[in-house]
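Novice: Just passing along the structure, written as structure tokens.
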Amino acid sequence: MQRLLVQLHRWIGIVLCLMFAAWFASGIVMIYVPFPLLPLADRIDRAELVDIDRIRVAPIEAIDLADSSSSVGIRLRSQDGRPQYVITDNGRVVVVQADTGEPAAALDSSSAGRIARKFSGIATQSVHGPVQYDQWVVYSAFDTLRPYYRVRLDDPAGTDLYVSAVTGEVVQRTSRSQRRWNYVGAVVHWIYPTVIRKHWALWDQLVWWVSLAGIVLTLAGIYLGIILWRSAARAGQRGLSSPYRGWMKWHHVGGLTIGVVVLTWIFSGWLSMDHGRLFSTPSPAPDHVERFTGMSVRAAADMIPVDALADTAPFSHAEIGAFAGSPILRTAGPNGPQLWRLFDHRLQEFRLTTAEVSTAVANAWPDYEPVDSYVLGNDDVYTSLREGSLPPGTVRIVLNDPADTWVHVHPTRAEIASIMDRSRRVYRWLFNGLHSFDFPAIVNRRPLWDALMIALLSCGFVFCVTAVVIGFRRIKQTTR
Numbered sequence: 271m272q273r274l275l276v277q278l279h280r281w282i283g284i285v286l287c288l289m290f291a292a293w294f295a296s297g298i299v300m301i302y303v304p305f306p307l308l309p310l311a312d313r314i315d316r317a318e319l320v321d322i323d324r325i326r327v328a329p330i331e332a333i334d335l336a337d338s339s340s341s342v343g344i345r346l347r348s349q350d351g352r353p354q355y356v357i358t359d360n361g362r363v364v365v366v367q368a369d370t371g372e373p374a375a376a377l378d379s380s381s382a383g384r385i386a387r388k389f390s391g392i393a394t395q396s397v398h399g400p401v402q403y404d405q406w407v408v409y410s411a412f413d414t415l416r417p418y419y420r421v422r423l424d425d426p427a428g429t430d431l432y433v434s435a436v437t438g439e440v441v442q443r444t445s446r447s448q449r450r451w452n453y454v455g456a457v458v459h460w461i462y463p464t465v466i467r468k469h470w471a472l473w474d475q476l477v478w479w480v481s482l483a484g485i486v487l488t489l490a491g492i493y494l495g496i497i498l499w500r501s502a503a504r505a506g507q508r509g510l511s512s513p514y515r516g517w518m519k520w521h522h523v524g525g526l527t528i529g530v531v532v533l534t535w536i537f538s539g540w541l542s543m544d545h546g547r548l549f550s551t552p553s554p555a556p557d558h559v560e561r562f563t564g565m566s567v568r569a570a571a572d573m574i575p576v577d578a579l580a581d582t583a584p585f586s587h588a589e590i591g592a593f594a595g596s597p598i599l600r601t602a603g604p605n606g607p608q609l610w611r612l613f614d615h616r617l618q619e620f621r622l623t624t625a626e627v628s629t630a631v632a633n634a635w636p637d638y639e640p641v642d643s644y645v646l647g648n649d650d651v652y653t654s655l656r657e658g659s660l661p662p663g664t665v666r667i668v669l670n671d672p673a674d675t676w677v678h679v680h681p682t683r684a685e686i687a688s689i690m691d692r693s694r695r696v697y698r699w700l701f702n703g704l705h706s707f708d709f710p711a712i713v714n715r716r717p718l719w720d721a722l723m724i725a726l727l728s729c730g731f732v733f734c735v736t737a738v739v740i741g742f743r744r745i746k747q748t749t750r
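Counting in our numbering, the sequence shown runs without a single skipped number right up to 750 at its last residue.
In structure tokens, the structure reads:
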């Protein structure tokens with residue numbers, strides 16, 4: 271058995287040691303240069319206001335014109351002064367002009383350049399595309415609006431804007447500095463080269479199995495290291511003694527001191543790819559969503575007349591939805607995010623109450639009852655995280671089901687933001703806690719958190735470098 275562990279540790283280490291060293295180094299980069307993101311708030315702030323007076327087509331008419339029998343989303347925006355409906359139907363996106371009912375023409379490169387200039391207020395240098403995939407629009411959230419034009423701005427930062435050829439929306443922004451740092455940061459850390467990441471299933475399996483192999487490698491190393499240390503101790507050597515010399519000694523002693531930290535980081539990184547394999551997911555089941563909303567998007571759109579939209583102006587973005595059996599409109603613009611509910615053929619602004627949310631959740635989970643409800647602040651240890659937070663004001667409903675489920679409802683969207691049962695709460699500590707040191711006592715105490723992360727990541731990197739040196743020496747020996 272021990273001989274098998276030695277072989278596993280040796281050869282898995284030779285294959286993966288360089289990647290693990292890169293993981294630790296890139297982790298330091300990611301603390302300060304995250305993956306590029308154009309915040310939704312920035313997109314809304316720079317978007318055109320919708321000219322309500324030009325709308326002639328009712329929402330349900332737009333859905334029918336888009337030939338969308340099972341529309342899962344309909345929003346209203348403006349492009350070049352013309353209001354447009356953007357209809358999403360199982361990944362298919364259709365844009366319908368809200369003034370004439372005609373389908374919007376696909377964007378050309380000159381239009382993409384003009385949109386980028388208007389968005390940024392900066393002259394453009396070049397327009398490339400349209401492209402289906404690019405390193406900075408590779409992940410799944412960008413899928414529905416593909417392809418994209420990449421527009422280079424004429425500014426010192428070397429800014430690129432990504433404009434959807436389908437809707438004309440600017441959805442991503444990167445600078446030259448961000449791109450350079452991310453190639454040695456997130457792209458390395460997440461194994462994110464475009465050629466791999468654009469195939470989600472391949473990427474998912476690759477990262478999951480590589481991380482699992484890393485867990486096996488590290489566990490075997492810790493076990494063997496302890497065996498060797500105990501043998502040395504019985505031979506009369508004291509302290510963190512080792513029978514080896516040179517790089518092997520540094521690797522052995524390093525494993526005894528930093529091995530557990532290396533293990534927790536690889537283990538928690540592996541959990542980032544869980545996707546329901548071992549722990550529950552935060553997404554509600556479709557039947558829960560259906561009972562929570564009380565009606566389909568199509569049914570809600572059918573009940574909202576064109577003239578009711580004027581009640582909600584001014585806005586630059588509107589989205590039709592449903593809450594507790596009533597059509598609602600979510601708007602964003604100069605007045606910030608607002609919620610509107612249809613009442614007597616008019617849209618009236620409303621704010622979610624805990625009682626309303628509790629009733630809607632009870633309808634969505636009819637076999638169980640809400641036993642507690644409260645509004646979350648920005649200090650909740652389960653939803654206010656370094657990576658992935660819910661907004662303050664989120665309503666939490668606690669159910670009396672066997673899994674002790676918490677249902678979180680977004681305060682300005684009136685939709686289920688996440689569900690968190692006992693399994694998911696354990697996941698929060700094993701992933702967010704171990705991988706980002708997201709513990710209440712330290713995560714907001716910077717620069718203490720930074721110093722701890724950098725020190726441990728640096729130790730992990732140096733330890734992996736010892737493995738790289740040993741691995742290359744072993745390869746040279748076997749190829750002679």
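Where is the CB? At the ideal position from N, CA and C, for every residue including glycine.
1. From Trp535 to Ala291, what distance separates their C-alpha atoms?
2. Determine the extent of the beta strand (DSSP E) in which Arg611 is found, giving its start and end residues.
3. By the 10 Å Cβ neighbour count, where 16 or more other Cβ atoms means buried, how is Gly591 classified, buried or exposed?
4. Counting only the same chain and skipping the five closest in sequence on each side, list residues whose C-beta sits under 8 Å from that of Val441.
5. Can you grab the Cα-Cα spacing for the pair Val477 / Arg547, in whole Å?
6. Please work out which residues of its chain come closer than 6 Å, Cβ to Cβ, to Asp572, disregarding the five sequence neighbours upstream and downstream, and give them in chain order.
7. Given a cut-off of 8 Å on the beta-carbon distance, is the pair Pro636 and Thr664 in contact?
8. Would you mind reading off the limits of the beta strand (DSSP E) that contains Val641?
9. Within 10 angstroms of its Cβ, does Ala336 collect 16 or more other Cβ (buried), or is it exposed?
10. State the DSSP-derived secondary structure class of Ile689, mapped to helix, strand or coil.
11. Assuming the contact rule is C-beta atoms closer than 8 Å, Arg656 and Val696 should be a hit. Round their C-beta distance to whole Å, please.
12. Can you list, in chain order, the residues of its chain whose CB lies under 8 Å from that of Thr394, leaving out five sequence neighbours each side?
13. With three or more C-beta pairs closer than 8 Å as the rule, is the stretch 558 to 567 touching the stretch 728 to 735?
14. How would you label Ser628, buried or exposed, when you count the other beta carbons within 10 angstroms and need 16 or more for buried?
15. Using only CA atoms, which one of Asn360, Gly371 and Val457 lies nearest to Arg324?
16. Taking only runs that begin and end inside the stretch 530 to 603, name each unbroken alpha helix (DSSP H) of 4 or more residues, in chain order.
17. Give the straight-line distance between the Cα atoms of Tyr652 and Ser550, rounded to the nearest whole angstrom.
18. Distance, Cα to Cα, Tyr453 vs Ser553?
19. Considering only residues of the stretch 438 to 462, which uninterrupted beta strand (DSSP E) runs meet the minimum length of 3 residues and lie entirely inside it, listed in chain order?
20. For the alpha helix (DSSP H) containing Gly283, list its first residue and its last residue.
21. Is Gln367 close to chain B? Criterion is C-beta to C-beta, closer than 8 Å.
22. Assuming contact is defined by CB atoms lying nearer than 8 Å, are Met543 and Ile740 in contact in what I supplied?
Specialist: Put simply:
1. Looking up residue 535 in the sequence shown gives position 265. Looking up residue 291 in the sequence shown gives position 21. Rounded to the nearest angstrom, the two C-alpha atoms are 12 Å apart.
2. Position 341 of the sequence shown holds residue 611. That run of the beta strand (DSSP E) goes Gln608 to Phe613.
3. In the sequence shown, counting from the first residue as 1, residue 591 sits at position 321. When all chains shown are included, Gly591 counts as buried.
4. For the purposes of this step, residue 441 is identified with residue 171 of the sequence shown, where counting begins at 1. Excluding the 5 residues flanking it on each side, Val441 has same chain C-beta neighbours closer than 8 Å at Leu308, Arg313, Val407, Phe412, Leu415, Tyr418, Tyr432, Val433 and Ser434, in chain order.
5. Within the sequence shown, residue 477 is the residue found at index 207, counting from 1. Within the sequence shown, residue 547 is the residue found at index 277, counting from 1. Taking the straight line from one Cα to the other gives about 14 Å.
6. Position 302 of the sequence shown, counted from the first residue, corresponds to residue 572. Contacts found: Ile330.
7. The residue given as residue 636 occupies position 366 in the sequence shown. The residue given as residue 664 occupies position 394 in the sequence shown. Contact: no.
8. For the purposes of this step, residue 641 is identified with residue 371 of the sequence shown, where counting begins at 1. For Val641, the enclosing beta strand (DSSP E) covers residues Pro640 to Val645.
9. As a working mapping, residue 336 is identified with position 66 in the sequence shown. Using a 10 angstroms sphere on the CB of Ala336, the tally of other CB atoms reaches 16 or more, which defines it as buried.
10. In the sequence shown, the residue the question calls residue 689 occupies position 419. In the structure shown, Ile689 adopts extended strand secondary structure according to DSSP, grouped into three states.
11. Taking the first residue of the sequence shown as position 1, residue 656 is located at position 386. Taking the first residue of the sequence shown as position 1, residue 696 is located at position 426. No, Arg656 and Val696 are not in contact; Cβ-Cβ is about 18 Å, not under 8 Å.
12. For this step, residue 394 is matched to residue 124 along the sequence shown. Gly383, Ala386, Arg387, Val421, Arg422, Leu423 and Asp424, listed in sequence order.
13. Because the criterion of three Cβ pairs below 8 Å is not met, the stretch 728 to 735 and the stretch 558 to 567 do not touch.
14. Counting from 1 along the sequence shown, the entry for residue 628 is found at position 358. Ser628 should be labelled buried.
15. As a position in the sequence shown, residue 324 is number 54, starting the count at 1. Arg324 has its Cα closest to that of Gly371, out of Asn360, Gly371 and Val457.
16. With a minimum length of 4 residues, the continuous alpha helix (DSSP H) runs that stay inside the stretch 530 to 603 are 556 to 563 and 567 to 573.
17. Taking the first residue of the sequence shown as 1, we reach residue 652 at position 382. Taking the first residue of the sequence shown as 1, we reach residue 550 at position 280. Each residue's CA atom was taken as its position, placing Tyr652 and Ser550 some 15 Å apart.
18. Position 183 of the sequence shown holds residue 453. Position 283 of the sequence shown holds residue 553. In this structure, the alpha-carbon of Tyr453 lies about 31 Å from that of Ser553.
19. Here the runs fully enclosed are 440 to 444.
20. Counting from one through the sequence shown, the residue named residue 283 turns up at place 13. Its alpha helix (DSSP H) spans residues Gln272 to Tyr302.
21. Of the protein chains in this structure there is only one, and it is not chain B.
22. Indexing the sequence shown from 1 puts residue 543 at position 273. Indexing the sequence shown from 1 puts residue 740 at position 470. In this structure, Met543 sits away from Ile740, with a CB-CB distance that is not shorter than 8 Å.
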